[in-house]
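Notes to accompany the following structure.
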Amino acid sequence: MKKPGFIKKWASRLHLWLGMTVGLLVFIISITGALYVFKDEVQDLLRKDAIFHHEQDIRNKTPLPVHMLKAAVQAQCKEKYNVQWVDIPIDKKRSYQFVYYKTNPEGWNYFRELVIYKTAYVNPFTGRVIAVFDEKNGFFNIVKFIHWSFLLHSSWGKYLTGIPVLIFLVMLITGIILWWPKNKKARKQRLWFRWKNVKAWRRKNYDLHNISGFYALSFAFIIALTGLFYAFPFVGSAVYFAFSGGKTSLPDFSGIVTTAPDSVRNTTTADKICAQVEALYPTAFSYSLVLDNEQKERTGFTVYVRQLSYSYHIMHQLIFDANSGRLLRNYNYREKNLGEKAIDANYDVHVGAILGLPTKILAFIVSSICASLPVTGFLIWYGRRRKKHPRATVSKAT
Numbered sequence: 010m011k012k013p014g015f016i017k018k019w020a021s022r023l024h025l026w027l028g029m030t031v032g033l034l035v036f037i038i039s040i041t042g043a044l045y046v047f048k049d050e051v052q053d054l055l056r057k058d059a060i061f062h063h064e065q066d067i068r069n070k071t072p073l074p075v076h077m078l079k080a081a082v083q084a085q086c087k088e089k090y091n092v093q094w095v096d097i098p099i100d101k102k103r104s105y106q107f108v109y110y111k112t113n114p115e116g117w118n119y120f121r122e123l124v125i126y127k128t129a130y131v132n133p134f135t136g137r138v139i140a141v142f143d144e145k146n147g148f149f150n151i152v153k154f155i156h157w158s159f160l161l162h163s164s165w166g167k168y169l170t171g172i173p174v175l176i177f178l179v180m181l182i183t184g185i186i187l188w189w190p191k192n193k194k195a196r197k198q199r200l201w202f203r204w205k206n207v208k209a210w211r212r213k214n215y216d217l218h219n220i221s222g223f224y225a226l227s228f229a230f231i232i233a234l235t236g237l238f239y240a241f242p243f244v245g246s247a248v249y250f251a252f253s254g255g256k257t258s259l260p261d262f263s264g265i266v267t268t269a270p271d272s273v274r275n276t277t278t279a280d281k282i283c284a285q286v287e288a289l290y291p292t293a294f295s296y297s298l299v300l301d302n303e304q305k306e307r308t309g310f311t312v313y314v315r316q317l318s319y320s321y322h323i324m325h326q327l328i329f330d331a332n333s334g335r336l337l338r339n340y341n342y343r344e345k346n347l348g349e350k351a352i353d354a355n356y357d358v359h360v361g362a363i364l365g366l367p368t369k370i371l372a373f374i375v376s377s378i379c380a381s382l383p384v385t386g387f388l389i390w391y392g393r394r395r396k397k398h399p400r401a402t403v404s405k406a407t
């Protein structure tokens with residue numbers, strides 16, 4: 010049987026080697042994660058004059074047909090690309106958001122891969138474009154893709170962030186092994202800061218690393234694990250398997266197809282779909298319609314309804330006949346099994362939006378602590394190294 014000292018010795022070495030290997034990458038991933046947490050709150054504040062169109066007496070007015078709004082956006086924005094989709098709020102006091110989005114699979118980095126990503130905020134009653142925001146070059150989208158792929162191609166750059174996060178999970182495990190106190194007296198020292206008679210910076214830095222790391226550990230583990238979901242498909246499969254009670258595949262709606270002839274499809278089809286969505290989900294926050302789509306296959310037309318304003322985990326899925334606009338399937342969130350709900354909640358858990366502002370604050374604090382750990386960890390190593398070789402340090406200084 011291995012002695013506790015032996016285990017701690019090797020945990021210490023592994024913790025150090027891994028930290029030196031990926032510490033800088035973990036710092037970048039964590040600090041960008043912390044910066045991204047309050048993206049919605051900051052953007053809503055900065056864009057408040059565009060989010061609400063301030064049209065008067067809207068109870069007696071009807072939004073313009075979707076095809077007319079799309080044409081108005083194209084005419085005013087004069088982009089060479091077509092509008093890809095529109096986010097439609099249930100609350101008609103809010104502007105519609107028409108999105109230009111196009112990618113280039115051959116681009117090797119973020120700026121070459123993402124050709125265009127712009128959002129046009131539009132008054133749905135007049136078709137006037139209130140404001141256009143360049144999301145591609147916006148602060149938060151760049152932060153997001155530094156976090157996602159270090160601004161490299163998203164399909165393979167995600168592994169360059171995923172692997173350090175995977176190593177970070179191992180470091181969390183070795184960290185708790187190293188933190189674990191030998192006795193009751195040592196436990197008190199490692200549960201809270203006791204700096205009344207402490208002046209040495211090395212001791213304070215050591216406490217910062219150990220105590221803050223201990224309290225953040227469980228939440229950091231969850232954030233890291235939900236982040237791995239996007240880098241490694243097997244993580245999502247494992248989560249679904251565990252929460253669904255052993256199921257291995259999500260529900261398949263590929264058999265629900267468009268049956269009406271193409272001749273039935275016209276400019277009012279999208280509006281028929283909108284009317285049905287809003288009648289079924291009057292208390293939802295918004296829903297999205299893909300606009301730049303050619304019906305090359307007889308697949309159904311899928312609409313995702315976002316129930317809450319602050320998170321995405323409660324989503325309803327509706328499938329329509331793409332030509333006639335007839336509702337073929339209404340897959341309400343309540344029908345989903347626990348595995349599907351766990352998959353839907355992954356993003357909101359990762360960014361802290363699952364319960365709104367309180368969990369966002371928690372995610373920000375934990376991400377900030379995770380960013381500090383490589384820094385305080387490096388200073389612990391540097392302080393010990395300097396303490397071991399004081400003469401070399403002095404001679405270099407002179």
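Take 10 as the starting number for the sequence shown in the working numbering and just add one per residue. The C-beta atom is built at its ideal place from N, Cα and C for all residues, glycine as well. Just so we're clear, the structure is a prediction, and the values are computed from it rather than from any experiment.
If you run the structure through DSSP and keep just helix, strand and coil, what is Val-403?
Note on Val-403: pLDDT 48, under 50, position unreliable in the model; the coordinate value appears next. Three-state DSSP puts Val-403 in a helix.
Rounded to a whole number of angstroms, what is the C-alpha to C-alpha distance between Ile-182 and Ala-225?
Taking C-alpha positions only, Ile-182 is separated from Ala-225 by approximately 13 Å.
Measuring straight from C-alpha to C-alpha, what distance separates Gly-334 and Ser-297?
Per the coordinates, the alpha-carbon of Gly-334 lies some 15 Å from the alpha-carbon of Ser-297.
Within 10 angstroms of the Cβ of Gln-65, are there 16 or more other Cβ atoms? Answer buried if so, exposed if not.
Burial call: exposed.
Alpha carbon to alpha carbon, what distance is there between Val-207 and Asn-214?
When rounded, the separation of the alpha-carbon atoms in Asn-214 and Val-207 is 11 Å.
Output needed for Ile-282: all residues of its chain with C-beta closer than 6 Å, excluding positions within five of it in sequence on either side, in chain order.
So the list reads Phe-329 and Gly-334, once near-sequence residues are dropped.
Leaving out five residues before and five after Ala-351 in sequence, what residues of the same chain have Cβ atoms less than 6 Å from its Cβ?
Within the same chain, Val-248 and Phe-252 come within 6 Å of Ala-351 by CB-CB distance, once the 5 residues on both sides are set aside.
DSSP state of His-156 mapped onto helix, strand, coil
In this structure, His-156 counts as helix in the three-state DSSP scheme.
Coil, strand or helix - Pro-72 by DSSP:
Three-state result, Pro-72: coil.
Hey, Ile-67 and Pro-291 are a contact pair by Cβ (cut 8 Å); roughly how many whole angstroms apart?
Separation of the CB atoms of Ile-67 and Pro-291 is rounded to 16 Å, and the pair is thereby denied contact status at 8 Å.
For Gly-386 and Pro-190, the rounded distance between their alpha carbons
One C-alpha to the other measures close to 18 Å.
Is His-156 closer than 8 Å to Ile-38 when the C-beta atoms are compared?
In contact: Ile-38 and His-156 (Cβ atoms closer than 8 Å).
In the DSSP assignment, the alpha helix (DSSP H) including Trp-210 goes from what residue to what residue?
210–216 is the span of the alpha helix (DSSP H), which, as asked, contains Trp-210.
With a threshold of 7 Å on Cβ separation, who are the neighbours of Leu-388 within its own chain once the five nearest residues in sequence on each side are excluded?
Correct list, in chain order: Asn-214.
How is the beta strand (DSSP E) around Lys-101 delimited, first residue to last?
Counting along the chain, Lys-101 falls outside any beta strand (DSSP E), and DSSP gives it neither H nor E.
Arg-315 versus Leu-34: straight-line alpha-carbon distance, rounded:
Between Arg-315 and Leu-34, the C-alpha separation is close to 34 Å.
Can you have a look at Val-403 and say buried or exposed, based on whether 16 or more other CB atoms are within 10 angstroms of its CB?
Because Val-403 sits at a pLDDT of 48, beneath the cut-off of 50, its placement in the model cannot be relied upon, and the following sentence gives the value as read from the coordinates. Answer is exposed; the Cβ neighbour count stays below 16.
Buried/exposed call for Thr-30, threshold 16 Cβ in 10 Å
Around the beta carbon of Thr-30, a 10 Å sphere encloses fewer than 16 other beta carbons of the protein chains shown; the residue is thus reported as exposed.
What is the DSSP secondary structure of Ser-246, counted as helix, strand or coil?
In the displayed model, Ser-246 falls within a helix according to three-state DSSP.
Three-pair Cβ contact test at 8 Å for the stretch 142–151 versus the stretch 121–130:
With contact defined as three or more Cβ pairs closer than 8 Å, the stretch 142–151 and the stretch 121–130 are in contact.
I'd like to check one pair, Leu-187 with Ser-381: are the Cβ atoms closer than 8 Å?
At least 8 Å separates the beta-carbon of Ser-381 from that of Leu-187.
In this structure, does DSSP put Asn-91 in helix, strand or coil?
Residue state, collapsed to three classes: coil.
Pull up the DSSP beta-bridge partners for Thr-41, would you.
For Thr-41, which the question treats as bridged, DSSP gives no partner whatsoever.
Hey, which unbroken runs of the beta strand (DSSP E) at 3 residues or more fall wholly within the stretch 336–369?
If only uninterrupted beta strand (DSSP E) runs of at least 3 residues are considered, those enclosed by the stretch 336–369 are 336–340.
Note down the Cα distance separating Val-244 from Thr-308, rounded to an integer number of angstroms.
Val-244 and Thr-308 have their C-alpha atoms some 29 Å from each other.
To the nearest angstrom, how far is it from the Cα of Ile-378 to the Cα of Phe-202?
Taking the CA atoms as reference points, Ile-378 sits about 15 Å from Phe-202.
Suppose the cutoff is 6 Å on Cβ atoms and the five residues either side in sequence are ignored; what does the same chain contact list for Thr-408 look like?
Look at the range of the chain in this structure, 10 to 407, and you will see that residue 408 is not part of it.
Hey, how far is the Cα of Leu-336 from the Cα of Leu-300?
Using only the alpha carbons, I get a separation of about 18 Å.
If we call anything under 8 Å between Cβ atoms a contact, is Val-92 one with Val-75?
No, these two residues do not count as a Cβ contact at 8 Å.
Inter-residue spacing [alpha-carbon to alpha-carbon] between Ile-97 and Thr-368
Straight-line Cα distance between these residues: approximately 27 Å.
Given a cut-off of 8 Å on the beta-carbon distance, is the pair Asn-132 and His-24 in contact?
Going by C-beta atoms, Asn-132 is not nearer than 8 Å to His-24.
For Tyr-313, the three-state DSSP class (helix, strand or coil):
The answer is strand: DSSP assigns Tyr-313 an E or B state.
Just tell me which of Val-286, Ser-376 and Phe-310 has its CA closest to the CA of Gly-264.
The residue with the shortest Cα to Cα distance from Gly-264 is Phe-310.
So what does DSSP say about Val-46, is it helix, strand or coil?
Look at Val-46 here: in three-state DSSP terms it is coil, with no helix or strand label.
Which of helix, strand or coil DSSP assigns to Lys-65
It should be noted that the sequence gives Gln, not Lys, for residue 65. Looking at Gln-65 - three-state DSSP - the assignment turns out to be coil, as it is neither helix nor strand.
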